[in-house]
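See structure below.
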Ligand SMILES: Cc1ncc(COP(=O)(O)O)c(C=O)c1O
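Residue numbers (our numbering): 3 to 399.
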């Protein structure tokens, strides 16, 4: 087995996180309850300023958003409506759209940000286009003021997948607060972790109860208007009124308790990640062997990015060369990944579901050929590790 010298993730569970989890276990009230409510309030107050509901993953957050948009109580989207999405996205940024009976159309990305290309976005909008599922790839973003103007002008519902962007801001505004809905992930490889977990954030209060019932079997038990509902349906036991369709996408209070502790350290975590990003970048670029073989991206204009990983863009456009470099690095214990999932339009699942992608995605293809990413950790990198990482990178090029 290869010894991992520089893994993709080094998330840290501190004693306070474990203590908080154990306290919940000892209370014997493990399922969604008070701790979940506490993290939701904390997230709203300290991160997004919008109503937030915790779920068991970022994927579940995305699913709830699109299920809410097509719900009979909301009807903002209907079967066959078209939703745009950047081709560099995650599997569960995309599938909830299709699982909700909507159509997707891929938009190309901007090579310098790895995020949606605004010119291509404008080109792809037609009368059928009703929403944009924006994915803040690697925590970076597009020019958000221009993007929101495009959405407004074309009456597109903006959904932000901010699962990789906790702590990233554009003009001092947290990503995930520009659209009507957004999602965050607390999976263990993300900026903070609750083991598994995520957050769905909603601007319009009207949708909060819909998402709450969808999250939990479709029942009315957790809703703010449950008293009114139980009066209306007097003949049904008040705890067993199913007012909507539903899933079970709830977190446990164990996840919530860990998440709260991590969120309380968010500033510190982000500072360490920023330090690591800049330190690694500087060490690589100022190396005597550096001859423009690659570049490491910089933050989008006007933004302060909490990078999800270290995007490494090779100069060569030869995919075989990229795979060779990635393989050499992996053999040396330096773990690498494609930029999220590469060009998602090329994934076999897209063919399986016969999703048409007869549009050119030049830059997404290019990124597929020449870019990958290294992990970014929540522990400050040591000089020794930095030297090893740099040496291994140069000997793999
Ligand atoms: C952009 C993006 N969206 C959604 C998700 C899904 O989050 P989760 O793993 O919590 O389901 C991820 C996960 O890595 C992601 O990177």
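Where is the CB? At the ideal position from N, CA and C, for every residue including glycine.
Asked, Found
"Excluding the five sequence neighbours on either side, which residues of its own chain have a C-beta within less than 7 Å of the C-beta of residue 64, listed in chain order?", "94, 95, 98, 163, 185"
"Consult DSSP for residue 133 and reduce its assignment to one of helix, strand or coil.", "strand"
"When you compare only the Cα positions, how much space is there between residue 135 and residue 290?", "42 Å"
"Say the cut is 7 Å; is the CB of residue 163 nearer than that to a heavy atom of ligand 1?", "yes"
"If we call anything under 8 Å between Cβ atoms a contact, is residue 286 one with residue 277?", "no"
"Counting pairs of beta carbons, one from the stretch 232-242 and one from the stretch 7-20, are three or more of them closer than 8 Å?", "no"
"Identify the residues that DSSP records as bridge partners of residue 316: which are they?", "296"
"Residues in the same chain with beta-carbon distance under 6 Å from residue 52, minus the five sequence neighbours each way, listed in chain order, please.", "203, 205"
"Taking 7 Å as the cut-off, is the beta-carbon of residue 137 closer than that to any non-hydrogen atom of ligand 1?", "yes"
"Could you have a look at residue 341 and say whether DSSP puts it in helix, strand or coil?", "coil"
"With DSSP run on the structure shown, which of helix, strand or coil describes residue 75?", "coil"
"In chain order, what residues of the same chain have a beta carbon less than 6 Å from the beta carbon of residue 321, not counting five sequence neighbours either side?", "371"
"May I ask whether a heavy atom of ligand 1 can be found less than 7 Å away from the beta carbon of residue 243?", "no"
"What does DSSP give as the partner residue(s) for residue 171 in the beta ladder?", "176, 306"
"Could you give the first and the last residue of the continuous alpha helix (DSSP H) run that contains residue 124?", "120-126"
"Considering only C-alpha positions, which residue in the set 71, 75, 76 is nearest to residue 85?", "71"
"Hey, residue 346 and residue 91 are a contact pair by Cβ (cut 8 Å); roughly how many whole angstroms apart?", "5 Å"
"Does the beta-carbon of residue 246 have 16 or more other beta-carbons within 10 angstroms, so that it is buried, or is it exposed?", "buried"
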